[in-house]
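So the protein lines, in turn, are chains C and E. The first sequence lines up with residues 1204 to 1546 when you count with the working numbering. The second sequence lines up with residues 1204 to 1546 when you count with the working numbering. Glycine residues also receive a C-beta, built at the ideal position from the N, C-alpha and C atoms.
Number of protein chains: 2
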Amino acid sequence: MKKITMLDVAKRANVSKSTVSQYLNGRYDYMGEKTRKRIEKAIAELNYQPNIVARSLKQKRTSTIGVIIANILHSFSTEVIRAIEDICHQHDYHVIVCNADDEPEKEKKYIEMLKAKQVDGLIVFPTGGNLDLYQSMVSENYPLVFIDRSVPGIAVDSVLLNNEKAAKLAVDYFVQHGYERIGIVTTSLLRNITPRLERLSGYRKALEEHGLPMKDEYIVATQIEQISSALGKMFTSESPPDALLAANDLALMEVLEFVKENQLEIPNQIALIGIDNTAFAHIYSPTLTTIKQPTFEMGKKAAERLFESIEGKSTSKQTVICRFEPEIIERESVKKQLGKGSD
Amino acid sequence: MKKITMLDVAKRANVSKSTVSQYLNGRYDYMGEKTRKRIEKAIAELNYQPNIVARSLKQKRTSTIGVIIANILHSFSTEVIRAIEDICHQHDYHVIVCNADDEPEKEKKYIEMLKAKQVDGLIVFPTGGNLDLYQSMVSENYPLVFIDRSVPGIAVDSVLLNNEKAAKLAVDYFVQHGYERIGIVTTSLLRNITPRLERLSGYRKALEEHGLPMKDEYIVATQIEQISSALGKMFTSESPPDALLAANDLALMEVLEFVKENQLEIPNQIALIGIDNTAFAHIYSPTLTTIKQPTFEMGKKAAERLFESIEGKSTSKQTVICRFEPEIIERESVKKQLGKGSD
DNA sequence: CTGTTAGCGCATTCAG
DNA sequence: CTGAATGCGCTAACAG
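Put into structure tokens, the structure is as follows:
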């Protein structure tokens, strides 16, 4: 089955290629009624479909953007992708999603691949491990937006959660309900991932505000495989925490596994709040109190910033960091005891 | 920042375009050592990156395949995608994933878009709503593989689960543990989705084998929003089921919500088995017995079939339906009572 | 071993 | 209102 091209259509309709092109691009104004009909008919009869590759080559744009996520396993990532797709769809853009698996190598490979594919711009959850590459994109003015994480020293528009606030919301909530031995568990800080650092610092500041002591034993920050054993150590200390903040959904899963294995009772033995609105938060027993990110709005914002940048109307040459506000969703994983805490 | 092309490289290295092209495609054999060095140097200095779009236009292949999934919300879909990506990555293919949201309209739009983008082949979870389109692809011999679902009357290679077996595994397990009032809940059958039909028929056959009566009241098959109320009706009947098979992970979520709202106790009041290995099956209390699909193998198989078809070595012109075997993962959501059931 | 040539399928002047 | 001509960046003969 031979590919049919514009030329075939043109021949069959007895017009020239360019007339067909006009038709395809909706410039009917300059076209005889009957001509249009003929073209229409020819296209239908031949079942012609334009070749986007050729068009892109000519137009020097692909109407496609690339999205590179650090880790597809985070529910936040998948939700943001959906939002980005929605927006792109509305703007007649296509999206190619790649998963860097938190490996800078892969991230680099994908960025290069997507640029070679001539995508018009990139939204990335940066691993933080490719400073040169980021910088070179900035230098060449390549449309780029970071989301979820930012990279110190790299001037790129970023869409972030107010992470300190997210941690603070949780700590405040614990304190209001009378908790004082509040721990936090997060995935590894080695790569200086923005949200993790900020959530931890938000946690610290909030404790300080409430005049609570800061104990290193109450902080677990290690790679996912080691969280369980770190929790084990934490809970065999003489005065283990009675409340735990899981800084993201993966950490939350680890905590829940640990809770299960050790038959801890939520919220009586340990109160729990997770950041990210896990799919089963409302199904688990007890239902889980969570801090929710406005994922849809964040994805939307990122896409819109990118479009502005692509369309060159980024009048304000300066980098914008956009913060979104988290929200607590109260459920049952924190005891409603009357507090002896502050406030 | 002007785009630099092969020509720029050629000039700077004092060779012609084609020599550069040779270099890029690894045909160094016919090339002077110094020439190669010069080209290498020029490329590095200019930070040249080839334009894949132009190459694709010329080569009439994009080294890219498209994947259209029916519903991204099913964990099965996301797992299969990961598998497909892995395999494609190994074969130096790229993947573009689109989510049809179970809407034939969207599916159609995406198939057309991907073909216009000249992808070399398509793996699709068919919605079943675009018979003409599927058929036309078959007619024009377009590389295509269905996964998860097949479409009656359309001769396309398909990778499927042995769905009847999956349902049978669950029913057998229930019966062995003494259950006789076994219900099933699945999402809507309206569109004749293969796995749902087959799982239901597997359920029926298994009941029959065990000489158990088939009651319509024990079957919930409706769209997701109405599952909850259907369950309500089921459980207010005079003799409600004491065991429930959730035919996929979305149905399982609905069941769990219902269980929670009505404070049913698993497994004492209701035993539960879900098809699809939900992420929190081992964390839920009690842990959930599930029927697992070999998602990785299935994705891999689909990709491999597609490559064969793309590379034209699909010697056997006949359509192949490939079935994979499900496996039961025993956990705690079924009571270990001694059975009065058969066997 | 290297350069010349001719398109891939389309969009876009610019004349008619 | 329509058609002829040009080139996007690259590959692939085919000559040197």
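Please go through the same chain and pick out, in chain order, the residues whose beta-carbon is closer than 6 angstroms to the beta-carbon of residue i, but skip the five residues on each side of it.
i	result
E/S1361	F1349, S1353, I1524
E/A1213	S1219, K1220, V1223
C/R1384	P1444, D1445
C/R1264	D1323
C/Q1426	S1391
C/P1329	F1349, R1352, V1354
E/L1475	L1447, I1469, S1536
Let's see if you can read the secondary structure: which residues bound the beta strand (DSSP E) around residue i?
i	result
C/D1360	1360-1364
C/L1325	1324-1327
C/I1385	1385-1389
So, with DSSP's three-state summary, where would you put residue i?
i	result
C/V1378	helix
E/V1341	helix
C/K1495	strand
C/L1347	strand
C/E1533	coil
E/V1194	Here chain E comprises residues numbered 1204 to 1546, so residue 1194 of chain E is not present and cannot be evaluated.
E/L1447	strand
E/A1424	strand
C/A1213	helix
C/R1407	helix
E/A1370	helix
C/F1510	helix
C/P1398	helix
C/K1539	coil
E/R1352	coil
E/Y1487	coil
C/G1544	Confidence at C/G1544 is low in this model, with a pLDDT of 41, below 50, so the placement of that residue is unreliable and no value is reported for it.
C/R1230	coil
C/M1501	helix
E/S1259	helix
C/L1154	There is simply no residue 1154 of chain C to check, as chain C begins at 1204 and stops at 1546 in what is shown.
C/E1412	helix
Excluding five sequence neighbours on each side, which residues of the same chain lie with their C-beta closer than 7 angstroms to the C-beta of residue i?
i	result
E/Y1231	R1239
E/F1510	H1294
E/S1278	D1452, D1479, T1481, A1482
E/A1505	I1287, I1326, V1348, I1350, V1362
C/E1500	F1527
E/T1522	A1358, V1359, D1360
C/L1227	P1253
E/N1302	I1272, I1275
Please list the terminal residues of the continuous alpha helix (DSSP H) segment that includes residue i.
i	result
C/G1435	1427-1439
C/R1526	First-last for C/R1526: 1524-1527, but that is the beta strand (DSSP E), not the alpha helix (DSSP H).
C/V1458	1452-1464
E/A1474	Where E/A1474 is concerned, there is no enclosing alpha helix (DSSP H), although the beta strand (DSSP E) it sits in stretches over 1474-1478.
C/I1246	1236-1249
E/T1222	1220-1227
C/Y1313	1307-1319
Under the assumption that residue i contacts residue j (Cβ atoms under 8 angstroms), give the Cβ distance between them as a whole number of angstroms.
i	j	result
E/I1272	E/C1291	Actually they do not touch by this definition, with Cβ atoms about 15 angstroms apart.
C/V1359	C/L1410	C/V1359 to C/L1410, Cβ: 32 angstroms. No contact.
E/I1531	E/Y1376	6 angstroms
C/G1202	C/V1283	With chain C covering only 1204 through 1546, there is no way to say anything about residue 1202 of chain C.
E/G1331	E/N1366	Between E/N1366 and E/G1331 the Cβ distance is about 15 angstroms, and since that is not below 8 angstroms, they are no contact.
C/K1547	C/K1371	Nothing about residue 1547 of chain C can be read from this structure; chain C reaches only from 1204 to 1546.
C/L1317	E/A1257	So it is not a contact: roughly 16 angstroms between Cβ atoms.
E/G1386	E/I1422	7 angstroms
E/Q1321	C/I1255	7 angstroms
E/A1450	E/T1397	The Cβ separation is near 12 angstroms, so there is no contact.
CB-CB under 8 angstroms to residue i, same chain, minus the five flanking residues each way: which ones, in chain order?
i	result
E/E1535	P1470, P1489, T1490, L1491, T1492
E/A1281	According to the sequence as given, residue 1281 of chain E is Thr; it is not Ala. Contacts found: I1275.
E/K1539	H1380
E/L1334	V1354, G1356, I1357
Cβ-heavy atom distance between residue i and the ligand SAH below 6 angstroms?
i	result
C/S1224	What this structure holds is no ligand at all, so the ligand SAH is not there to describe.
Scan the stretch 1261-1305 of chain E and note each continuous alpha helix (DSSP H) run of 4 residues or more that stays entirely inside, going in chain order. 1278-1293
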